[in-house]
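Asker: My questions will all concern the structure given below.
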Amino acid sequence: MSYVSLSWLGEYGRALWSSRFLAGDEESQAFAYRDELSRTYGEARPGAGAGAGAGAGAGAGAGAGAASGEDPCCSSPESSQELQAEGFRRGSPGAATCQKITTWEAGWNVTNAIQGIFVLGLPYALLQSGYLGFLLLILAAVICSYTGKILIACLYEEDETGRMVRVRNTYEDIANACCRHTCPRLGGRVVHAAQVVELMMTCILYLVVSTNLMCHSFTFLPLPPAAWSVVTLLSLLPCMLIRDLRVVSRLSLLCSLAQFLITFITMGFCLRQAHRWSWRRMALWVDFEKFLVSVGVIIFSYTSQIFLPTLEGSMAERGDFPDMLTWTHALACVLKTLFSVLAFLTWGEETKEVITDNLPEGLRLLVNLCLLAKALLSYPLPFYAASEVLQSCMLEQGNGAAPEVSILALRAGLLMLTFLMAMYVPHFSLLMGLTGSVTGAAMTFLLPTLFHLQLKWTTLDGRLKAINFLILVLGSLCSLSGVICSIKGMIEAFEGT
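Just so we're on the same page, the working numbering is the position in the sequence shown counted from 1, plus 111.
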């Protein structure tokens, strides 16, 4: 009798867990069936795609795609930044009928996201982490590639025929699907909060880098760092008036190409200094607190999950997405490791937070001016995306429109907030480590594994469940300890000034 009771309780518990927290097969099939009907119906009506695209642009999409009447996911290599901005908006089923991008173009978008200006802080992170930094650079690339793939897997469910159908469009949709039984909009709000924090921290880092580059480039002008911060702020005031990101995106493409060129120039200079190299400079034992800050820096340099759902939806061959993510992260790992090692072997303990500050004066001026243009032209993109998220959450009314004065006030407040944070916390590596430990770990490690476990629990084997739990535990430990050490480092830096 007791055995029957225990069996009944076990069956009841499993049924309760599935009904309350997991995505059941019937509901998944219903989602897939409705999505298939919508897609078929949209293809049958030539004007449906345009109408859906316009509807998506009426809310938060007042940017590039909406302003021109084009669907946001129509992209070319120069529109990687537009895809990133579009990743923070709500998806549209009508996007299925838009012009798609190739796998190579998608690979360029990912490479541009994970091979950005923040690579300049990796040699300093290697100084703080020693030989363990090699393992961190490789492990972060492997884990970020894996979590990107499982995040995209959460967009799909099986229909009645066993075929995988895309039933969700954005990171927010995945979060809401996981929380629909407890608090339907809680997941989306958590994702929105993490997105805004990461975007704002990215803007602050761009301001810190810009001020740093100005100070070290125009040494013939006796201005304090605070004055250069004001100059940076004044140059970014037009960001409040941005309505179309296409021109800025094309300029950002040129700056990204210039950054790759500058990276290879720096590596070439390091190779010419090979006679100064010594592996003895690499520490075997490192300070544990500084090591944890370095973990956040390295994680932040690989973050791209925040816009992957939009990018995957814009691909012509979505089946190539896993392979594309693998080779882009492998290439980024090789380039980042090579760049960091060459720079560290060249300057050793003298390695600075922004590695270009170690270059000779003449070469440093040329490199810093190009990087300054890259940083200033990259700032509007996360700024625009953050303002769009906040606008959709705080200002939009029932008709989807927000007063122009309110939009300008919101953007002015965001601009001043990033300026004040950059001026009073001018520590690039600590800020980058804090951002990587908070939002980088959450959006890259924690949330993708949590969502994958919840939505795909019934279809995962034991090995994948164990891998997800391991990443979840490692991400939680790194995030918590990294936050504590980064904040402690900032306090010590303030006390030392």
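By construction, the Cβ of each residue, glycine as well, lies at the ideal position given by its N, Cα and C atoms.
#1: Which class does Met-601 belong to by DSSP, given the choice of helix, strand or coil?
#2: Helix, strand or coil for Ala-496, going by three-state DSSP, please let me know.
#3: Since Glu-269 sits in a beta bridge, which residues does DSSP pair it with?
#4: Please give me, in chain order, every unbroken run of the alpha helix (DSSP H) with length at least 4 that falls completely inside the stretch 429 to 493.
#5: Can we say the stretch 322 to 337 touches the stretch 303 to 310, given the rule of at least three CB pairs closer than 8 Å?
#6: Going by the CB atoms, is the gap between Met-312 and Thr-414 shorter than 8 Å?
#7: Taking just the CA atoms, how far does Cys-255 sit from Arg-291?
#8: Can you list, in chain order, the stretches of the alpha helix (DSSP H) that have 4 or more residues and sit fully within the stretch 554 to 596?
#9: Can you name, in chain order, every residue of its own chain whose Cβ lies under 6 Å from the Cβ of Leu-564, other than the five neighbours on each side?
#10: Below 8 Å on the Cβ atoms is my contact criterion, and I expect Phe-556 with Thr-258 to pass it. Report the Cβ-Cβ distance as a whole number of Å.
#11: Ala-484: which of Gly-407, Thr-377, Met-426 and Leu-368 sits nearest, CA to CA?
#12: Taking the Cβ atom as the reference point for each residue, do Val-302 and Glu-283 lie within a distance shorter than 8 Å?
#13: Between which residues of its own chain and Leu-480 is the CB-CB distance below 7 Å, once the five residues before and five after are set aside?
#14: Who pairs with Met-426 in a beta bridge, going by DSSP?
#15: Does the Cβ of Met-505 have 16 or more other Cβ atoms within 10 Å, making it buried, or fewer, making it exposed?
#16: What are the boundary residues of the alpha helix (DSSP H) that Leu-316 is part of?
#17: Check whether the Cβ atoms of Gly-593 and Leu-316 sit closer than 8 Å, and answer yes or no.
#18: To the nearest angstrom, how far is it from the Cα of Trp-390 to the Cα of Ile-376?
#19: How big is the Cα-Cα spacing for Ala-520 and Val-500?
#20: Short of 6 Å in beta carbon distance, which residues of its chain neighbour Ile-466, apart from the five on each side in sequence? Order them along the chain.
#21: On the three-state DSSP scale, how would you describe Ala-141?
#22: Which term fits Glu-216, buried or exposed, when burial requires 16 or more other beta carbons within 10 angstroms of its beta carbon?
#23: Going along the chain, which residues of its own chain have a beta-carbon closer than 8 Å to the beta-carbon of Gly-218, five neighbours each way excluded?
#24: To the nearest angstrom, report how far apart Thr-213 and Asn-223 are at their CA atoms.
#25: Among Ile-225, Ala-533, Gln-370 and Arg-429, which has the Cα closest to the Cα of Val-341?
#26: Apart from the five residues just before and just after Leu-446, which ones in its own chain have a Cβ nearer than 7 Å to its Cβ?
#27: What residue range is occupied by the uninterrupted alpha helix (DSSP H) comprising Arg-522?
#28: Where Ala-385 and Gly-379 are concerned, what is the direct C-alpha to C-alpha distance, given to the nearest angstrom?
#29: Given this structure, state the Cα-to-Cα distance separating Cys-289 from Leu-575, to the nearest angstrom.
#30: I'd like the span of the alpha helix (DSSP H) that includes Leu-233, first residue to last.
#31: Can you tell me whether DSSP reads Phe-331 as helix, strand or coil?
#32: Less than 8 Å between the beta carbons of Leu-248 and Ile-417, yes or no?
#33: Under the three-state reduction of DSSP, which class applies to Thr-377: helix, strand or coil?
#34: Mind reading off the beta-carbon distance from Leu-266 to Arg-277? Whole number of angstroms is fine, and I expect it under 8 Å.
#35: Please identify the residue among Ser-412, Leu-372 and Tyr-535 whose C-alpha is closest to the C-alpha of Val-478.
Answerer: Reading it off the structure:
#1: Three-state DSSP puts Met-601 in a helix.
#2: If DSSP states are grouped into helix, strand and coil, Ala-496 belongs with the helices.
#3: Glu-269 is bridged by DSSP to Met-275.
#4: Counting only runs of 4 or more, we get 432 to 458 and 472 to 489.
#5: Proximity of the stretch 322 to 337 to the stretch 303 to 310 falls short of the contact definition, fewer than three beta-carbon pairs being nearer than 8 Å.
#6: No, Cβ-Cβ distance for Thr-414 and Met-312 is not below 8 Å.
#7: Their Cα atoms are separated by approximately 26 Å.
#8: The qualifying runs are 558 to 567.
#9: Cβ within range, chain order: Asn-579.
#10: Correct: roughly 6 Å between the Cβ atoms.
#11: Each of Gly-407, Thr-377, Met-426 and Leu-368 was checked against the Cα of Ala-484, and the nearest Cα belongs to Leu-368.
#12: Contact: yes.
#13: Result list for Leu-480: Ser-328, in chain order.
#14: Per the DSSP secondary-structure output, Met-426 pairs in a beta bridge with Ile-212.
#15: Met-505 comes out exposed.
#16: Run containing Leu-316: 297 to 328, per the alpha helix (DSSP H) assignment.
#17: Remark: C-beta atoms of Gly-593 and Leu-316 do not approach each other more closely than 8 Å.
#18: The alpha-carbon atoms of Trp-390 and Ile-376 are separated by roughly 22 Å.
#19: Their Cα atoms are separated by approximately 15 Å.
#20: For Ile-466, the CB contacts under 6 Å within the same chain, skipping 5 residues up- and downstream, are Leu-231, Pro-234 and Ala-454 in chain order.
#21: Residue placement at Ala-141 is poorly supported in this model, since its pLDDT is 40, which falls under 50; the coordinates still yield a value, given next. The three-state secondary structure of Ala-141, taken from DSSP, is helix.
#22: Under the 10 Å beta carbon count, Glu-216 is surrounded by 16 or more other beta carbons and is classified as buried.
#23: Spatial neighbours of Gly-218 in its own chain (CB-CB distance under 8 Å, excluding positions within 5 residues in sequence) are listed in chain order as Met-435, Trp-438 and Thr-439.
#24: If I take the Cα positions, the gap works out to 15 Å.
#25: Sorting Ile-225, Ala-533, Gln-370 and Arg-429 by C-alpha distance to the C-alpha of Val-341 places Ala-533 at the top.
#26: Residues Gln-226 of the same chain have their beta carbon placed closer than 7 Å to that of Leu-446, with the five preceding and five following residues left out of the count.
#27: Taken as a continuous stretch (DSSP letters only), the alpha helix (DSSP H) holding Arg-522 covers 515 to 535.
#28: Taking the straight line from one Cα to the other gives about 10 Å.
#29: For Cys-289 and Leu-575, the distance between alpha carbons rounds to 19 Å.
#30: Leu-233 -> alpha helix (DSSP H) spans 233 to 240.
#31: DSSP places Phe-331 in coil when its eight states are reduced to three.
#32: No, the Cβ-Cβ distance between Leu-248 and Ile-417 is not below 8 Å.
#33: Assignment of Thr-377 by DSSP, reduced to helix, strand and coil, places it in the helix class.
#34: Contact check for Leu-266 and Arg-277: beta-carbon distance about 5 Å, within the 8 Å limit, so the pair qualifies.
#35: Out of Ser-412, Leu-372 and Tyr-535, Leu-372 has the C-alpha closest to the C-alpha of Val-478.
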